[in-house]
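Those protein sequences? They're chains A and B, same order as listed.
Mapping of the first sequence onto the working numbering: residues 122 to 371, in sequence order.
Mapping of the second sequence onto the working numbering: residues 6 to 318, in sequence order.
Note that beta-carbon positions come from the ideal geometry of N, C-alpha and C, so glycine has one too.
Since the structure comes first, as structure tokens, the remarks are kept for the end.
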Amino acid sequence: MSRNKSLVIAITDLRMAMKARYVRYSLIGVAALGPVVAIVTIIGLLMTVPATSSEFGQMLSLVMPMGSAMLSLMAVIPAGLISANALVGEREQNTLEPLLATPLTDRELILGKALSSIIPCVLLLISGTAVSSVVIYLFTVFNGLPPVLFPDLPGLFLILVVGPTVVVAIVAMMILISGRVSRVYEAYQTGTAAVAVLLVPIVAPSIGLTDPRSVWLFDLITFAVALVLAAVAWYFAVRFFNRDAMVSRV
Amino acid sequence: MDRVKTEGLTKIFGDIIAVNKIDLAVPEGSVFGLLGPNGAGKSTTVRLLCTLLRPTEGTAIVSGHDIRDEPLAVRQTTGLLPEEGSHTLYPRMSAYRNLEYFAKLYGIPDKDIPGRIEELLRFMGLWERRDDPAGELSTGNRQRLALCRAILHSPTVALLDEPTASLDPIAAKRVRELILSLAREYGITFFINSHNLAEVQRICDRVAIIDHGKILLAGETEEIRSQLGTGRVFRVRVVGDPSAALSVAESAEFVEEARLDDNTLVVKVRDPEANNSRLMMMLIERGVRILEFAQEEMSLEDVYLAVVDGGED
Ligand SMILES: Nc1ncnc2c1ncn2[C@@H]1O[C@H](COP(=O)(O)OP(=O)(O)O)[C@@H](O)[C@H]1O
Ligand SMILES: [Mg+2]
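Below is the structure:
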């Protein structure tokens, strides 16, 4: 019952988000950009070294973690846009009051609004990974390079575990601030700050920290930070969820 | 049985007391009007009643449920047409989808949803418009769609916040007629906020006047109108020239106001039970021949202006 209503909210929010032109274009744009960036980074850098040299392996250990991190970064960015729309957007549009007047529990409402961002982002992560993986594999094979399986294990962890955790953190932050800001862009700017944690695994390899141990280390640090952020933001979002604040003027 | 009953209901925002210890009772089946100027606290009252806001003090029983303790049950049995209702629809979704979304959120069984939506859209004369995006409907049609949404789940009480405020006179009339027929057809108790006196007088059988968060007056519309009308203003028709009658009235210390209106003397008498007969005697003594001595009907507007001005400080 409760999951059902949350799902109704999530699906309707998504359908409406896709009807707003700027959301649709940025979603599609970002969705396409993730795999493109990952593919270009990986293929581009791999082509700068001869396939047979030992440098190829080194280059691979540099580009694989960067590619995965960029892919998850790109897929996570729309979360802020969708959830800012789903919460503050409803307020801006004056549609929040009738919604809050329905017999939804706080839990159903929060879950519904969270799912409307989490579902598309997870879909973007999965589809972006699948596309990049196929393109990179085929490219390496057809060009006589050693076949490259993207993403590697730490990359998969970053994309499928850390990415969704960051999405949860962003959504929770958005819920937390939704009663305190009145404009979508304000919410978007504040709520999306959490994506910054994904810069760690992008920056780390480029300053030379490319051995598998430090890649894992930085992925795990990113995960820990994202997890703490998500847990704390979620706790406060639920704890201080306040219909009064959402209805009141800011 | 009272469908809405408030007990010392109070809402304070910072240092503004928006709703100040109000006690109201709205019996089942009535069309109740909460009348007051802008900023009087009408919208805040409605938001408290549908649990969008939590009271600072006091409480209310709506459809038999306490707004503090059973907000879900209150929301399940109460409908809301928010202020500026025509702007509270999802503009890019069709009229039908707007209702379908809320039907699901109100927990109407899936199999009953299409029938219920069709019934209401036909009732409101919107069935032909069902596939139009809500944002492309006229303001009047949007308002009717928002009214459909408010009663979709067959609430026992519908709270309507200024249902005709932004409508042209014809659209407003249509909405008023729909409200009355909804009350008849579906037995819904209506709680209507308005600053439109004529509207309240026309459709509400009970009324309360609110200003600065306080209820100044409450009761049956007719009763309030006649109660305040009694013992105040009288019209005296005389045979021939009324100027002698006017000078008599002006000389009487218990007459607060005297003027001529179309050859009729209009007097405002203090304590009419004691003084009306004295006035008549004085007129007769001066040779004025009285044709008619009648109480002037007060409109709700007079009542409203009298109490709202009186309640200013
Ligand atoms: N969320 C809010 N925060 C602060 N003040 C408010 C809020 N809502 C209403 N008020 C104030 O409470 C008073 C009553 O407002 P309202 O209930 O909207 O009046 P009405 O609907 O009768 O015009 C006004 O002074 C208004 O400024
Ligand atoms: Mg109002």
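What are the boundary residues of the beta strand (DSSP E) that B/S199 is part of? 194-199 is the span of the beta strand (DSSP E), which, as asked, contains B/S199.
I need the DSSP call for B/G236, collapsed to helix, strand or coil. Residue placement at B/G236 is poorly supported in this model, since its pLDDT is 49, which falls under 50; the coordinates are not used for a value here.
Comparing the C-beta of B/Q1 with each C-beta of chain A, is any distance below 9 Å? With chain B running from 6 to 318 in the structure shown, residue 1 of chain B is simply not present.
Give, in chain order, every residue of the region 251-275 of chain B whose Cβ lies closer than 9 Å to some Cβ of chain A. Those would be none; no residue qualifies.
Taking C-beta pairs closer than 8 Å, name the residues in chain B that A/R364 reaches, listed in chain order. T56, L57, L58, R59, listed in chain order.
Which listed residue (B/R154, B/V9, B/G192) has its alpha carbon closest to that of B/M129: The shortest C-alpha separation from B/M129 is found at B/R154.
Test: B/Q300 CB closer than 9 Å to a CB of chain A: Residue contact check for B/Q300 against chain A: no CB pair falls below 9 Å.
Closer than 9 Å, CB to CB, is A/G204 near chain B or not? What sits at residue 204 of chain A in the sequence shown is Ser, not Gly. Not closer than 9 Å to any Cβ of chain B, the Cβ of A/S204 fails to qualify, so no.
Return yes when at least one heavy atom of ligand 1 lies under 8 Å from the C-beta of B/P42, else no. For ligand 1, at least one heavy atom lies less than 8 Å from the Cβ of B/P42.
Inter-residue spacing [alpha-carbon to alpha-carbon] between B/D318 and A/V292: Since pLDDT at B/D318 reaches only 41, below the 50 mark, its modelled position is unreliable, and the value read off the structure follows with that caveat. Looking at the two C-alpha atoms, the distance is approximately 48 Å.
Straight-line Cα distance separating A/I164 from A/F260: Answer to the nearest angstrom: the Cα atoms are 8 Å apart.
Could you tell me whether the region 312-329 of chain A touches the region 272-287 of chain A, where touching means 3 or more Cβ pairs closer than 8 Å? Segments in contact, yes.
Could you work out which residues of chain A lie near B/Q81, taking near to mean beta carbons separated by less than 7 Å? Neighbourhood of B/Q81 in chain A, by CB distance below 7 Å: P224, in chain order.
Any C-beta of chain B under 9 Å from that of A/K234: Judged by the 9 Å Cβ criterion, A/K234 is not in contact with chain B.
Every unbroken alpha helix (DSSP H) within the region 250-314 of chain B, with a cutoff of 4 residues, ordered by chain: Qualifying alpha helix (DSSP H) stretches, in chain order: 277-290.
Which chain A residues are close to B/Y309, counting only those with a beta carbon under 8 Å from its beta carbon? Going along chain A, no residue has its Cβ under 8 Å from B/Y309, so there is no contact; the nearest lies around 28 Å.
Chain B residues whose Cβ lies nearer than 8 Å to that of A/L221: Correct list: L57.
Taking Cβ positions only, does B/Y106 come closer than 9 Å to chain A? At a cut-off of 9 Å between C-beta atoms, B/Y106 counts as an interface residue with respect to chain A.
Using the three-state DSSP reduction, which class does B/A170 fall into: helix, strand or coil? DSSP places B/A170 in coil when its eight states are reduced to three.
Can you pull the chain B neighbours of A/N215, defined as C-beta to C-beta under 7 Å? By Cβ distance, chain B contributes E89, H92, T93.
For the candidate residues B/S68, B/R73, B/I72, whose alpha-carbon lies nearest to that of B/T82? Cα-wise, what sits closest to B/T82 is B/S68.
Identified DSSP bridge partners for B/K26: In DSSP, B/K26 forms no bridge with anything.
Can you give me the start and stop residues for the beta strand (DSSP E) that B/D216 sits inside? Where B/D216 is concerned, the enclosing beta strand (DSSP E) starts and stops at 211-216.
Would you decide whether A/V349 is buried or exposed? Buried here means 16 or more other CB atoms lie within 10 Å of its CB. When all chains shown are included, A/V349 counts as exposed.
Buried or exposed for B/G192, please, with buried defined as at least 16 other CB atoms from any protein chain shown within 10 angstroms of its CB. The Cβ neighbour count for B/G192, taken over all protein chains shown within 10 Å, is under 16; the residue is labelled exposed.
C-alpha gap between A/S175 and A/I130, whole angstroms: Distance between the alpha carbons of A/S175 and A/I130 is about 53 Å.
Under 9 Å, Cβ to Cβ, is there at least one residue of chain B near A/A141? Judged by the 9 Å Cβ criterion, A/A141 is in contact with chain B.
Per-residue contacts from A/V129 into chain D (C-beta, under 8 Å): The chain labelled as chain D is not found among the protein chains of the depicted structure, namely A and B.
Distance cut-off 8 Å: B/V24 Cβ against heavy atoms of ligand 1: B/V24: yes, Cβ under 8 Å from ligand 1.
Does at least one heavy atom of ligand 2 sit under 8 Å from the Cβ of B/E141? Because no heavy atom of ligand 2 lies under 8 Å away, the Cβ of B/E141 does not count as near it: no.
Can you find a heavy atom of ligand 2 that lies under 8 Å from the Cβ of B/R201? Per the sequence presented here, residue 201 of chain B reads as Asn, with Arg not at that position. Distances taken from the Cβ of B/N201 to the heavy atoms of ligand 2 include none shorter than 8 Å.
Can you find the residues in the same chain that come closer than 7 Å, C-beta to C-beta, to B/G46, ignoring five residues on each side of it along the sequence? Within the same chain, and ignoring the five residues on either side of B/G46 in sequence, the residues whose Cβ sits closer than 7 Å to its Cβ are A23, V24, I215, G218.
Closest Cβ-Cβ distance between A/V144 and chain B: below 9 Å? No, no contact with chain B.
Can you confirm whether B/F195, when its beta carbon is compared against all beta carbons of chain A, has any partner nearer than 9 Å? By this cut-off, B/F195 is not an interface position.
Which whole-angstrom value describes the C-beta separation of A/A159 and A/S238, a residue pair presumed to lie in contact below a C-beta threshold of 8 Å? Cβ-Cβ separation between A/A159 and A/S238: approximately 22 Å, too far for a contact (criterion under 8 Å).
Under 8 Å from any heavy atom of ligand 2, does the C-beta of B/D166 make it? Within the chosen limit of 8 Å, ligand 2 reaches the beta carbon of B/D166 through at least one heavy atom.
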